[in-house]
Amino acid sequence: MTVIAGGATTQWAVTGVLGIPVAYLAVAVVLAVFFVGFLDMSRRIPNAGAFYAYIRQGLGRHLAVGGAFIAVVAYGAMQVGLYGGAGPVAATFFDVEFGWSAPWWVFALICWAVIAVMGVLRVDVNGAVLAVLLAGEILIAAVLAAVQVTHPADGVITYDALHLATLVTSGSFAVAFVVGYTGFVGVEGAAVFAEETKDPRRTVRNATFIALGLIGVLYAFCSWAMSVAAGPQHIVGRATAEGSELIFSLAAAFVPAVVITAGRLLFVTSLLAAGLAFHNAFARYIFALGREGVIPAVFAKVSPRTNAPIGGSITQSVIGLVCIGLYAIAGWDPMTHLFYWITCLAGLGVLILMAVTSVSVAAFHLARWRTRRRTQPADAMDDEPVSVVQGIIAPMIASALMAWIFVETLQTFHVLLGVDAADPVRWLLPAAFLAAGAIGVVWAEVLRRSRPAVYARIGLGSSVPTRIDPVTPLPATGGDPR
């Protein structure tokens, strides 16, 4: 519901692009290509810091730490940004339904408290809660979409929004893509929990592709249904005027009021559930870095009762509380400047990570094959051969596509933010990832010089450092593997 009710309508309003349903399908296709190589790495290297560990294996420790810092900023930003949506949406819901009027930040703090508590509970408890909420969201979204398709504008079902030309010929194609991509951020998260599953190879692969296919079709179908009910010539205008209420107003005349109320409630809980998911992802990245000594070991602390990474969880809870307080005191618009800006920025950060990781996957397999020719027998990482398509071609195609989308997005980032082309904020926000990556690379060099034992463990996670490392068998470096 977060993406369908909030994301799709925002895309139409900001970009003016009719083909938003096609954008969701295009994102799903690009991610499917990406996951071909990514999931091969996840079965070989189960690590709570997935991107971080994979980049280390292919591109070295320096870039791995840089990538880890980008991941921390991206996932942390995504989680905090969701408070900017949850607070106002919850405030509106309770005001309309029950007459309870309170500032947005009151409800944001309630969401924050729930997530802070859930963040230190067991993964299976969180998973049960998320599964129940997700099932409700899918049911309501499907019902609303079915109603909208069967009650088209002017009595005619149109397919204009599904035409590829409505997307690729628009000047805001890259912006539409990256905003749509933001709705998929988190589908890669199964790899983050690989260490906490009984069969990471099968579980992570199945969970990822099932989730990708399901949400890709659901996003495309539900957004297309809205365009049918509103009419392709009116959908952008109505999305601009009605925002997240559009999905409900298009069906309100044809379903019982309780369905609309349930949909609005699930919109609130979907923001809460998304916040919890990204809170957990952030906590596990912090845990992975703390466990290896890249950052202070206090961040690797786990609960003796639930085994949840409470060091990272508490860290993100503090960051979230500070951000909610800052926006409340400053009087900044939470929906625009926290929810929309920051979550889209986070999506851009994860796009960077995926592009770099794809290059790393290809580099890893190239180095592994060279090592295998020189070293027999192959070690545990080589127990399942990978094809050239899976190990090299697919990752390079994914990285090229993502790099192109990133460059195009930067050129039109002011459109995404809704600011003037000369506004420095269009460069300052993306520069946060450049700064995070640079700091990570510099910090890795500091570790190499001052704490070589810690440097050697970077990206190894819970495994012992005895596996063949395709980064290290380069004797020309003089024993200084980077």
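Going by UniProt numbering, the letters in the sequence shown line up with residues 1 to 482, in that order.
Cβ coordinates follow ideal geometry from the N, Cα and C atoms, glycine included.
In this text the structure is predicted, and so the values were computed from the model without any measurement.
Whose CA, out of the options, lies closest to the CA of residue i?
{"i": "Leu410", "options": "Leu434, Ala128 and Gly325", "result": "Leu434"}
{"i": "Val389", "options": "Gly37, Val359 and Thr2", "result": "Gly37"}
{"i": "Leu276", "options": "Arg449, Trp112 and Trp100", "result": "Trp112"}
{"i": "Val3", "options": "Glu97, Gly186, Thr166 and Leu366", "result": "Gly186"}
{"i": "Ile392", "options": "Ser360, Asp420, Val442 and Leu417", "result": "Ser360"}
{"i": "Ala432", "options": "Ser244, Phe267, Ile342 and Leu139", "result": "Ile342"}
{"i": "Pro215", "options": "Glu137, Ser249 and Ile295", "result": "First, the amino acid is wrong: residue 215 is Ile here, not Pro. It is Glu137."}
{"i": "Tyr75", "options": "Trp332, Leu326, Phe173 and Ser313", "result": "Ser313"}
{"i": "Val30", "options": "His414, Met396 and Val294", "result": "Met396"}
{"i": "Ala53", "options": "Thr261, Thr357 and Phe98", "result": "Thr357"}
{"i": "Ala50", "options": "Ala281, Val129 and Leu246", "result": "Ala281"}
Using three-state DSSP, classify residue i as helix, strand or coil.
{"i": "Asp40", "result": "helix"}
{"i": "Asn307", "result": "coil"}
{"i": "Thr412", "result": "coil"}
{"i": "Val294", "result": "coil"}
{"i": "Leu250", "result": "coil"}
{"i": "Tyr386", "result": "Here residue 386 turns out to be Val, not Tyr, going by the sequence shown. In this structure, Val386 counts as coil in the three-state DSSP scheme."}
{"i": "His234", "result": "coil"}
{"i": "Gly263", "result": "helix"}
{"i": "Arg449", "result": "helix"}
{"i": "Leu366", "result": "helix"}
{"i": "Ile397", "result": "helix"}
{"i": "Val204", "result": "helix"}
{"i": "Leu460", "result": "coil"}
{"i": "Val255", "result": "coil"}
May I ask you to check if the CB of residue i is nearer than 7 Å to at least one heavy atom of the ligand MG?
{"i": "Pro232", "result": "In the structure shown, the ligand MG is absent, as is every other ligand, since no ligand is present at all."}
Just the Cα atoms here: how many angstroms apart are residue i and residue j?
{"i": "residue 525", "j": "Phe209", "result": "The first residue shown for the chain is 1 and the last is 482, placing residue 525 beyond what the model contains."}
{"i": "Gln57", "j": "Leu63", "result": "10 Å"}
{"i": "Ala32", "j": "Ser42", "result": "15 Å"}
{"i": "Val407", "j": "Cys323", "result": "29 Å"}
{"i": "Val132", "j": "Leu351", "result": "29 Å"}
{"i": "Gly7", "j": "Arg451", "result": "45 Å"}
{"i": "Gln11", "j": "Thr269", "result": "21 Å"}
{"i": "Ser303", "j": "Glu188", "result": "25 Å"}
{"i": "Pro103", "j": "Thr92", "result": "10 Å"}
{"i": "Met381", "j": "Lys301", "result": "Unreliable placement is indicated for Met381, whose pLDDT of 48 sits below 50; no coordinate value is reported for it."}
{"i": "Ala77", "j": "Ala346", "result": "6 Å"}
{"i": "Tyr159", "j": "Ile439", "result": "48 Å"}
{"i": "Gly81", "j": "Gln316", "result": "12 Å"}
Checklist entry - At which residue ranges does the segment 99–187 contain complete alpha helix (DSSP H) runs of 4 or more residues, listed in the order of the chain? => result Taking only runs of at least 4 residues, the alpha helix (DSSP H) segments lying wholly in the segment 99–187 are 104–118, 123–149, 165–168 and 173–182.
Checklist entry - Can you list, in chain order, the stretches of the alpha helix (DSSP H) that have 4 or more residues and sit fully within the segment 317–360? => result Within the segment 317–360, no complete alpha helix (DSSP H) run reaches 4 residues.
Checklist entry - Whole alpha helix (DSSP H) runs in the segment 1–85 with 4 or more residues, listed along the chain? => result For the segment 1–85, whole alpha helix (DSSP H) runs of length 4 or above, ordered along the chain, are 8–15, 20–44 and 50–59.
Next on the checklist: Would you call the segment 61–74 in contact with the segment 86–94, where contact means no fewer than 3 C-beta pairs closer than 8 Å?
Outcome noted: Too few Cβ pairs lie closer than 8 Å, so no.
Checklist entry - Is the number of C-beta pairs between the segment 220–238 and the segment 143–157 that are closer than 8 Å three or more? => result Counting Cβ pairs under 8 Å, three or more are found: they touch.
Item to check | the segment 308–327 / the segment 281–289 touching (three or more Cβ pairs under 8 Å) | outcome: Between the segment 308–327 and the segment 281–289, the count of Cβ pairs shorter than 8 Å is three or higher; the stretches touch.
Next on the checklist: Using a Cβ distance threshold of 8 Å, determine whether the segment 173–183 contacts the segment 252–267, with at least three qualifying pairs required.
Outcome noted: No: fewer than three Cβ pairs fall under 8 Å.
Checklist entry - Any contact of the segment 344–359 with the segment 396–404, i.e. 3+ C-beta pairs under 8 Å? => result Taking a cut-off of 8 Å for Cβ pairs, the segment 344–359 and the segment 396–404 touch, as three or more such pairs fall below it.
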